[in-house]
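Report on the following structure.
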Amino acid sequence: MTTTAVRLTALRRVHRDVTALDGVDLDFRTGSFTAVMGPSGSGKSTLLQCAAGLDRPTGGRVEVDGTDLGGLSERRLTLLRRERIGFVFQAFNLLPSLTAAQNVALPLRLAGRRPSRSEVRAVLARVGLADRAGHRPAELSGGQQQRVALARALITRPAVLFGDEPTGALDTTTSRDVLRMLRELVDREGQTIIMVTHDPVAASYADRVVFLVDGRVTGELAAPTAERVAGRMAGLESLERAAC
Ligand SMILES: Nc1ncnc2c1ncn2[C@@H]1O[C@H](COP(=O)(O)OP(=O)(O)O)[C@@H](O)[C@H]1O
Ligand SMILES: [Mg+2]
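Numbering (my numbering), first residue to last: 1136 to 1379.
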């Protein structure tokens, strides 16, 4: 059994002349919840996209669930992404013409499987939406839409769930509901979660916070509280101002 869900080694990503990631080494333990924070443009989204196999690094290595993504063909990478990785975004990215149940079933359909109604119901129940299966996104609140997106990400039972500011578009109360749900997935089911956020309260739901500045890891905080995270972020931002 692997105890490291994701391992990044000397990870680099250069977009034309912009170095978005400049040698990142990080391990994410199976069953842990990590928040990634840093100023705007520090490379958080690039890190997530590389770790999730959505973007190819310029250098270094990404291992997910024991597999080196660099060694995979596009086809194999697509399959691994489909089967082992879940991703939720700030914009929920649901298909408006499909019901919640149809949106949730989509990844399995894309994988050529015919999902059973009970399978879809079960994952909707896990996010507290058993009674909304027939609703379309426009008939759901923002928090409910994000929970549908979460169910869609979870239906393949991914080794890792990635979130890029998953609560960024939600109001405070709804954010807290989604964060509590993420925390429960980790505590009850051993789900591995890696989440980018700029919100210290959101980060406090994680087991660990990793801070990025200019594409490098500048520090970590274990058992974070919102106050300590906010203090660290204020320090990073004033450092940045001093450098300008
Ligand atoms: N596709 C791209 N082409 C060119 N530059 C990019 C691209 N994606 C990101 N960047 C640059 O890489 C850096 C890191 O971006 P990003 O990972 O989106 O940061 P964050 O999510 O922390 O705001 C920024 O300077 C950004 O402008
Ligand atoms: Mg970003």
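The beta-carbon is built from N, C-alpha and C at its ideal position, and this holds for glycine as well.
Should residue 1347 be listed as close to ligand 1, given that the test is whether its C-beta is under 8 Å from any heavy atom?
-> Residue numbering aside, residue 1347 sits at position 212 when the sequence shown is read from its first letter. The answer is yes for residue 1347.
Kindly examine ligand 1 and report whether one of its heavy atoms sits closer than 8 Å to the Cβ of residue 1384.
-> In the structure as shown, the chain begins at 1136 and stops at 1379. Residue 1384 is therefore absent and cannot be evaluated.
Residues in its own chain within less than 7 Å of residue 1242 by CB, not counting five upstream and five downstream?
-> Position 107 of the sequence shown, counting from 1, holds the residue named residue 1242. Excluding residues within five positions, the ones whose Cβ falls inside 7 Å are 1217, 1287, 1290, 1291.
Below 7 Å CB to CB, which residues in the same chain sit around residue 1202 once its five sequence neighbours on both sides are set aside?
-> The residue labelled residue 1202 in the question sits at position 67 within the sequence shown. Excluding positions up to five away in sequence, the list reads 1215.
Status (buried if at least 16 other CB within 10 Å, exposed otherwise) for residue 1181 = As a working mapping, residue 1181 is identified with position 46 in the sequence shown. Looking at its Cβ environment, which holds 16 or more other Cβ atoms inside 10 Å, residue 1181 is buried.
Would residue 1331 be called buried (16 or more neighbouring beta carbons within 10 Å of its own) or exposed?
-> Taking the sequence shown and counting its residues from 1, the one referred to as residue 1331 is at position 196. Buried, since its Cβ has 16 or more Cβ neighbours within 10 Å.
If you run the structure through DSSP and keep just helix, strand and coil, what is residue 1143?
-> Taking the sequence shown and counting its residues from 1, the one referred to as residue 1143 is at position 8. Of the three classes helix, strand and coil, the one that applies to residue 1143 here is strand, per DSSP.
Proximal residues to residue 1104 (C-beta, below 6 Å), its chain only, five neighbours per side dropped = In the structure as shown, the chain starts at 1136 and stops at 1379, and residue 1104 therefore has no counterpart that could be examined.
Give every residue of the same chain whose Cβ lies closer than 7 Å to the Cβ of residue 1368, excluding the five residues on either side of it in the sequence, and list them in chain order.
-> As a first step, residue 1368 must be located in the sequence shown, where it is residue number 233. Within the same chain, residue 1368 has close Cβ partners 1172, 1335.
Interface flag, residue 1323 vs chain B, CB-CB below 9 Å | Although the question refers to chain B, the structure presented lacks it and comprises just one protein chain.
Would you call residue 1300 buried or exposed, if buried means 16 or more other Cβ atoms sit within 10 Å of its Cβ?
-> Position 165 of the sequence shown, counted from the start, is the residue given in the question as residue 1300. Burial call: buried.
Best match in 1193, 1165, 1183, 1168 for proximity to residue 1152 [C-alpha to C-alpha] | One-based indexing of the sequence shown puts residue 1152 at position 17. Answer by Cα proximity: 1193.
If I'm right that residue 1179 touches residue 1347 with Cβ under 8 Å, what's the distance once you round it to whole angstroms?
-> Residue mapping note: residue 1179 aligns to position 44 of the sequence shown, counting from 1. Residue mapping note: residue 1347 aligns to position 212 of the sequence shown, counting from 1. Contact holds; Cβ gap of about 6 Å.
Got a sec? Which residues, its chain only, sit under 6 Å from residue 1351 by beta carbon, not counting five neighbours each side?
-> Position 216 of the sequence shown, counting from 1, holds the residue named residue 1351. Closer than 6 Å at Cβ, skipping near neighbours: 1157.
For the putative contact between residue 1359 and residue 1341, defined by C-beta atoms under 8 Å, what is the C-beta separation to the nearest angstrom?
-> Locating residue 1359 in the sequence shown gives position 224, where the first residue counts as 1. Locating residue 1341 in the sequence shown gives position 206, where the first residue counts as 1. The Cβ separation is near 6 Å, so the contact holds.
Which listed residue (1298, 1205, 1197, 1209) has its alpha carbon closest to that of residue 1228 = Translated into positions along the sequence shown, residue 1228 becomes position 93. The candidate whose alpha carbon is nearest that of residue 1228 is 1298.
Extent of the continuous alpha helix (DSSP H) to which residue 1375 belongs | On the sequence shown, residue 1375 is found 240 positions in, with the first residue counted as 1. From DSSP, the alpha helix (DSSP H) with residue 1375 extends over 1361 to 1378.
Where residue 1244 falls: helix, strand or coil (DSSP) | Counting from one through the sequence shown, the residue named residue 1244 turns up at place 109. Helix.
Is residue 1299 near ligand 2, in the sense that its beta carbon is under 8 Å from a heavy atom of that ligand?
-> The residue labelled residue 1299 in the question sits at position 164 within the sequence shown. Checking every heavy atom of ligand 2 against the Cβ of residue 1299, one is found closer than 8 Å.
Ligand 2 heavy atoms versus the CB of residue 1344: any closer than 8 Å?
-> Here residue 1344 is taken as the residue at index 209 of the sequence shown, counted from 1. No, Cβ of residue 1344 sits at least 8 Å from all heavy atoms of ligand 2.
Does the Cβ of residue 1231 have 16 or more other Cβ atoms within 10 Å, making it buried, or fewer, making it exposed?
-> For this step, residue 1231 is matched to residue 96 along the sequence shown. Exposed, by the Cβ-count rule.
Could you check which residue in 1278, 1210, 1236, 1240 has the C-alpha nearest to that of residue 1266?
-> Within the sequence shown, numbered from 1, the residue matching residue 1266 stands at position 131. Among 1278, 1210, 1236, 1240, the Cα nearest to that of residue 1266 is on 1236.
Kindly list the residues whose CB is nearer than 6 Å to the CB of residue 1198, restricted to its own chain and excluding five residues on each side of it in sequence; keep chain order.
-> Numbered from 1 along the sequence shown, position 63 holds the residue referred to as residue 1198. The answer, listed in chain order, is 1142.
With DSSP run on the structure shown, which of helix, strand or coil describes residue 1221?
-> Position 86 of the sequence shown, counted from the first residue, corresponds to residue 1221. Strand, per DSSP.
Closer than 8 Å: residue 1192 CB and nearest ligand 1 heavy atom = Numbered from its first residue, the sequence shown carries residue 1192 at position 57. For ligand 1, not one heavy atom lies less than 8 Å from the Cβ of residue 1192.
Report the partner residues of residue 1157 according to the DSSP bridge assignment.
-> Taking the first residue of the sequence shown as position 1, residue 1157 is located at position 22. Beta-bridge pairing links residue 1157 to 1147.
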